[in-house]
Amino acid sequence: MGAVLMQEGQPIEFASCSLTDTQKKYAQIEKEFLAVQYTVRAFLSGNCQDAELLEKLDTDQIHAVSAGILTNQSFRDKLVNAVKQDPAMQIIDSYIVNGWPATKKACIEPLKSF
Numbered sequence: 001m002g003a004v005l006m007q008e009g010q011p012i013e014f015a016s017c018s019l020t021d022t023q024k025k026y027a028q029i030e031k032e033f034l035a036v037q038y039t040v041r042a043f044l045s046g047n048c049q050d051a052e053l054l055e056k057l058d059t060d061q062i063h064a065v066s067a068g069i070l071t072n073q074s075f076r077d078k079l080v081n082a083v084k085q086d087p088a089m090q091i092i093d094s095y096i097v098n099g100w101p102a103t104k105k106a107c108i109e110p111l112k113s114f
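Take the sequence shown: its letter number 38 is residue 38 in the UniProt record's numbering, and every next letter is one higher.
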C-alpha cells in the first residue's frame, strides 16, 4: 500500500507498507479505507520525518517571512504572552531550555507528539 503527499502537483513525500495476510483478504472498500487510515497516520500525525524535505524548502522565502515576523514587536509581544498563558507551551519552553526528557514516556501526554 502506498501514499503520496503532493504540493502544487509535485510529490514531496512518499509512504508505503506491506499488507498483512489478513489485510490482503479484505474487501476492496475495506482496503481503500485502510489506505486512507494509513495515509492519515503517516502524514498527519507528524510521523513523517524525511530529511530530503528540508532540501526542498525555499529558504529565501522562509528567511523573509521569519525576519518580518521577528521584527514585528507587536507580534513578538503577543507570542510571548500566549506562551506564558498556555501550560503546554510553558512545558515545551522548559524542555527547550533544559532539554527534553530522555524517553517519550517521561513526557506528559499532550507533548508526546512533539
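Where a beta carbon is used, it is the ideal one built from N, C-alpha and C, also for glycine.
Since this is a predicted model, take the numbers as computed values, not measurements.
(message) Going by DSSP in three states, glutamate 8 sits in which element: helix, strand or coil?
(response) On the sequence shown, position 8 is the one that residue 8 refers to. Coil, per DSSP.
(request) Out of Asn98, Gly99 and Gln90, point me to the one whose CA is closest to serine 110's CA. (result) Taking the first residue of the sequence shown as 1, we reach residue 110 at position 110. The sequence shown places proline at residue 110, not serine. Just measuring C-alpha positions, the residue of Asn98, Gly99 and Gln90 sitting nearest proline 110 is Gln90.
(request) Check alanine 27 in the structure and name its three-state DSSP category. (result) Along the sequence shown, one-based indexing puts residue 27 at 27. It is coil, neither helix nor strand.
(request) Going by CA-CA distance only, name the one from Met6, Ala27 and Tyr38 that's closest to valine 18. (result) For the purposes of this step, residue 18 is taken as residue 18 along the sequence shown, with counting starting at 1. The question names valine, but residue 18 in the sequence shown is serine. Closest option to serine 18, Cα to Cα, is Tyr38.
(message) Under DSSP, the alpha helix (DSSP H) around serine 94 begins and ends at which residues?
(response) In the sequence shown, the residue the question calls residue 94 occupies position 94. Boundaries of the alpha helix (DSSP H) around serine 94: 87-98.
(request) Please list, in chain order, all residues of the same chain as tryptophan 100 whose beta carbon is under 8 Å from its beta carbon, the five residues on each side excluded. (result) Start at 1 with the first residue of the sequence shown, and residue 100 comes out as number 100. Closer than 8 Å at the Cβ level, and outside the excluded window around tryptophan 100, lie Cys107.
(request) Answer yes or no: do valine 83 and aspartate 93 have a C-beta to C-beta separation smaller than 8 Å? (result) What you label residue 83 is simply residue 83 of the sequence shown in a count that begins at 1. What you label residue 93 is simply residue 93 of the sequence shown in a count that begins at 1. For valine 83 and aspartate 93, yes; Cβs fall inside 8 Å.
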